[in-house]
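Undergrad: Below you will find the structure I want to go over with you.
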Amino acid sequence: MWLPIHINEQSAEPLYYQIEVQLRALIVSGQLAEGTLLPSIRELAQLLKCSVITVRRVYQDLENEGLLRTRQGTGTFVAKVDRTERDRQRLQAVIAAFEAAIEAGLRVQCSEEELRAVFEEALRLKMGSRDGPDRRRDENDRHLPGEKT
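As numbered in our numbering, residues 1207 to 1355 make up the sequence shown, in order.
Below, the structure is given as structure tokens:
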């Protein structure tokens, strides 16, 4: 089974964390349905070119969260996640991303006003409010708050 998990070797985030965040997102978004058989630990480690220990940690963490279940001799499956838990996990992923973005902004001395403006601009570009939702965005569309366009 192919999973759309991408590793950024230049990232400061640990490898297991990158895999865990992406696999969690696939589960809570419903892209991986309840009962889906995941690749074995060895198979996923080979696909991602990482250690078996790394994948084992990811599977164990997600099993502890109730997102995966393992049956001895059968494999690891996506667990049943009720709507409330799915929504909680989904929103928690967004909150974590916002917190990381805020921390990055604070490290470079952005004010609260600047952070809000950057967020609103990024949201506007992603949601397509300027030219309608069908207009494709690219890096050239971005500009800093207060910058003339």
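All C-beta atoms, glycine included, are put in the ideal place defined by N, C-alpha and C.
Note that the coordinates shown come from a computational prediction; the quantities given were computed from them, not determined experimentally.
Can you tell me whether residue 1334 is helix, strand or coil according to DSSP?
TA: In the sequence shown, counting from the first residue as 1, residue 1334 sits at position 128. Residue 1334 falls in the coil class under three-state DSSP.
Undergrad: Identify whether residue 1216 lies in helix, strand or coil by the three-state DSSP scheme.
TA: Numbered from 1 along the sequence shown, position 10 holds the residue referred to as residue 1216. Three-state result, residue 1216: coil.
Undergrad: Looking only at its chain, what residues have a beta carbon closer than 7 Å to the beta carbon of residue 1279, apart from the 5 residues adjacent to it on each side?
TA: Reading the sequence shown from its first residue, position 73 is the one you call residue 1279. None.
Undergrad: Assign residue 1290 to one of two classes, buried (16 or more other C-beta atoms within 10 Å of its C-beta) or exposed (fewer than that).
TA: For the purposes of this step, residue 1290 is identified with residue 84 of the sequence shown, where counting begins at 1. When all chains shown are included, residue 1290 counts as exposed.
Undergrad: Would you call residue 1287 buried or exposed, if buried means 16 or more other Cβ atoms sit within 10 Å of its Cβ?
TA: Here residue 1287 refers to the residue found at position 81 when the sequence shown is read from its first residue. With 16 or more Cβ atoms within 10 Å of its Cβ, residue 1287 is classed as buried.
Undergrad: Are at least three pairs of beta-carbons, each pair with one atom in the region 1298-1316 and one in the region 1259-1277, less than 8 Å apart?
TA: The region 1298-1316 is not in contact with the region 1259-1277.
Undergrad: As a quick exercise: from 1232, 1262 and 1299, pick the residue whose alpha carbon is nearest that of residue 1208.
TA: For the purposes of this step, residue 1208 is taken as the residue at position 2 of the sequence shown. Nearest of 1232, 1262 and 1299 to residue 1208, Cα basis: 1232.
Undergrad: Kindly indicate which three-state DSSP category residue 1243 falls into: helix, strand or coil?
TA: If you number the sequence shown from 1, residue 1243 lands on position 37. Looking at residue 1243 - three-state DSSP - the assignment turns out to be strand.
Undergrad: Buried or exposed: residue 1346, going by 16 or more other Cβ atoms within 10 Å of its Cβ?
TA: Taking the sequence shown and counting its residues from 1, one reaches residue 1346 at position 140. Bear in mind that a pLDDT of 47 at residue 1346, under 50, signals an unreliable position, so the number given afterwards is only what the model happens to contain. Burial call: exposed.
Undergrad: From the DSSP output, which residues share a beta bridge with residue 1284?
TA: As a working mapping, residue 1284 is identified with position 78 in the sequence shown. The partner list for residue 1284 (beta bridge, DSSP) reads 1274.
Undergrad: Quick one: Cα of residue 1223 to Cα of residue 1256, how far?
TA: Residue mapping note: residue 1223 aligns to position 17 of the sequence shown, counting from 1. Residue mapping note: residue 1256 aligns to position 50 of the sequence shown, counting from 1. Each residue's alpha carbon lies about 13 Å from the other.
Undergrad: Taking residue 1311 as part of the alpha helix (DSSP H), name the residues at either end of that continuous run.
TA: What you label residue 1311 is simply residue 105 of the sequence shown in a count that begins at 1. Unbroken alpha helix (DSSP H) run through residue 1311: 1289-1313.
Undergrad: Alpha carbon to alpha carbon, how far is residue 1332 from residue 1261? Give it in angstroms, no decimals.
TA: As a working mapping, residue 1261 is identified with position 55 in the sequence shown. As a working mapping, residue 1332 is identified with position 126 in the sequence shown. Using only the alpha carbons, I get a separation of about 32 Å.
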